[in-house]
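Heads up: the sequence shown at position 111 corresponds to 111 in the UniProt record's numbering, and the numbers run straight through without jumps. All C-beta atoms, glycine included, are put in the ideal place defined by N, C-alpha and C. Here the structure is laid out as structure tokens; the discussion comes afterwards.
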Amino acid sequence: MQIIKGIDHFVLVTQNLSECLRFYRDLLGLEVKEQKGTNSEGKSVARYALHLGAQKINIHQSFGEFSPSASASCVGALDFCLLAEGDIEQIKQNLQAKGAEILLGVVERTGAHSKLNSIYLKDPDGNLVEIAVEKS
């Protein structure tokens, strides 16, 4: 019996919060929400999350900032795919016009539910970000 139904969020660790938020908010257009939280030392801190659809990406500024945390979490170790809507070539051109370096693409990939047209770039921490549009 399958008990897991989906992904709610994952954590991205950054060395530079302002550059991280600029990349995901200003370049990719994700909604950033700030909330008050408590770090692993019990201090009140601002917590940031990138919201996209029914999921979010929590941003942590350093390893172990919040408890519990992964045993070997590190900056720049993620490789993930964000689904987009629209024409992938236009998305690529728009990102390049904003100064993004596209590493690869447009290439065809296989997603969880369909074939994808994808481009690849890295965020300021070196995480590999795939942006994909489902093929119709």
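Nearest candidate by alpha-carbon position, reference residue i, set the options
| i | options | result |
| --- | --- | --- |
| Asn-127 | Gln-2, Ile-4, Val-11 and Ile-7 | Val-11 |
| Asn-58 | Leu-30, Asn-94 and Leu-83 | Leu-30 |
| Phe-80 | Tyr-120, Glu-19, Ser-67 and His-51 | Tyr-120 |
| Ser-69 | Ser-40, Glu-89 and Tyr-48 | Ser-40 |
| Ile-7 | Val-106, Ile-102 and His-51 | His-51 |
| Ile-102 | Thr-110, Asp-123 and Ala-84 | Asp-123 |
| Leu-83 | Arg-47, Tyr-24 and Val-133 | Val-133 |
| Arg-22 | Asp-125, Val-107 and Gln-55 | Asp-125 |
DSSP state of residue i mapped onto helix, strand, coil
| i | result |
| --- | --- |
| Lys-92 | helix |
| Ser-18 | helix |
| Asp-79 | strand |
| Ala-49 | strand |
Cβ-heavy atom distance, residue i to the ligand NAD, below 8 angstroms
| i | result |
| --- | --- |
| Pro-68 | No copy of the ligand NAD appears in this structure; indeed no ligand is present at all. |
With 16 other Cβ atoms within 10 Å as the buried cut-off, status of residue i
| i | result |
| --- | --- |
| Val-13 | buried |
| Ala-112 | exposed |
Within 9 angstroms, strictly: CB atoms of residue i and residue j
| i | j | result |
| --- | --- | --- |
| Lys-135 | Asn-117 | yes |
| Leu-104 | Leu-27 | no |
| His-9 | Ala-49 | yes |
DSSP bridge partner residues for residue i (one or two, in chain order)
| i | result |
| --- | --- |
| Val-106 | None; Val-106 has no bridge partner. |
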